[in-house]
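Encoded as structure tokens, the structure appears first; notes follow it.
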Amino acid sequence: SYPDYASIGRVLTTAAFRGKGAGKELMQQALTHTRRLWPHAPIKLSAQRYLTAFYQSFGFSPVGEPYLEDGIPHIAMVLPAPTDETLRRSGTV
Numbered sequence: 018s019y020p021d022y023a024s025i026g027r028v029l030t031t032a033a034f035r036g037k038g039a040g041k042e043l044m045q046q047a048l049t050h051t052r053r054l055w056p057h058a059p060i061k062l063s064a065q066r067y068l069t070a071f072y073q074s075f076g077f078s079p080v081g082e083p084y085l086e087d088g089i090p091h092i093a094m095v096l097p098a099p100t101d102e103t104l105r106r107s108g109t110v
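Following the working numbering, the numbering of the sequence shown begins with 18 at its first residue and continues without gaps.
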């Protein structure tokens, strides 16, 4: 839980679906749903370090220092809140 942020929890796929776009589709759906519910909030998540580039492809930026979660290196990442103009163009508000 991150005060002042919307948050997306773990997004994962089984090994059989990795590398086939399933994770990208799940993440896009999660972002779309989150923006509908909280259109003016930045979105924060906890990313495994090796997936930093994946989340950056959606506009997230690393914040803070890396840390261990369940013994796995992670980094907090934030997607800034969209501007009102962006929301109007997307039809979100």
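Cβ coordinates follow ideal geometry from the N, Cα and C atoms, glycine included.
Of the listed residues Lys37, Arg53 and Tyr22, nearest to Ser63 (C-alpha basis): Counting from 1 along the sequence shown, the entry for residue 63 is found at position 46. Considering only alpha carbons, the answer is Tyr22.
DSSP three-state assignment for Lys37, whether helix, strand or coil: For the purposes of this step, residue 37 is taken as residue 20 along the sequence shown, with counting starting at 1. Coil at Lys37, not helix or strand.
Inter-residue spacing [alpha-carbon to alpha-carbon] between Glu7 and Arg27: For the chain, the structure presents residues 18 to 110; residue 7 sits outside this window and is missing.
Among Pro79, Leu104 and Phe71, nearest to Arg111 - alpha-carbon criterion: This structure does not reach residue 111, given that the chain is present from 18 up to 110, and the question cannot be answered.
Residue from Val95, Thr103, Thr100 and Ser107 whose Cα sits closest to the Cα of Tyr19: Along the sequence shown, read from residue 1 onward, the residue named residue 19 stands at position 2. It is Val95.
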